[in-house]
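According to full-length UniProt numbering, the sequence shown is numbered sequentially starting from 1.
Have a look at the structure below before the remarks.
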Amino acid sequence: SNYETLTKNNVQGAVKYLKAKGIYRQKVDIFRHFQASYTRGYEMLNNHLRRHRHNPEVEENRGRKPIIRSKKLKDA
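Following this line, the structure appears as structure tokens:
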């Protein structure tokens, strides 16, 4: 996402607050308030890791195979 961390945190915090109050249908208004599109707003709400190289549970399957495996680097 091209949004700053502050904007992302504000959107996530506002949605979390509304959920705590039992209000579920106001997300689009929150996105509009923080000047984020519908698509980018929902992208901010997804917390899944998209950078596979930083996720130890996901083996990298893109591009050229590494010369030295990460397991060997950890053992060294």
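Note that beta-carbon positions come from the ideal geometry of N, C-alpha and C, so glycine has one too.
Quick caveat, the model's predicted, so the values are computed rather than measured.
Apply the 10 Å Cβ neighbour rule to ALA20 and answer buried if 16 or more other Cβ atoms are within range, or exposed otherwise. Residue mapping note: residue 20 aligns to position 20 of the sequence shown, counting from 1. Under a 10 Å Cβ-count criterion, ALA20 is classified as exposed, with fewer than 16 other Cβ atoms of the shown protein chains found around its own Cβ.
Please give me, in chain order, every unbroken run of the beta strand (DSSP E) with length at least 3 that falls completely inside the segment 21–45. If we require 3 residues or more, the segment 21–45 turns out to have no beta strand (DSSP E) run fully inside it.
Among GLU57, LYS65, GLY63 and TYR42, whose alpha-carbon lies nearest the alpha-carbon of VAL11? By one-based count along the sequence shown, residue 11 stands at place 11. When only C-alpha atoms are compared, the closest one is TYR42.
Apart from the five residues just before and just after LYS16, which ones in its own chain have a Cβ nearer than 7 Å to its Cβ? The count along the sequence shown starts at 1 and reaches residue 16 at position 16. None.
Would DSSP call THR5 helix, strand or coil? What you label residue 5 is simply residue 5 of the sequence shown in a count that begins at 1. In this structure, THR5 counts as helix in the three-state DSSP scheme.
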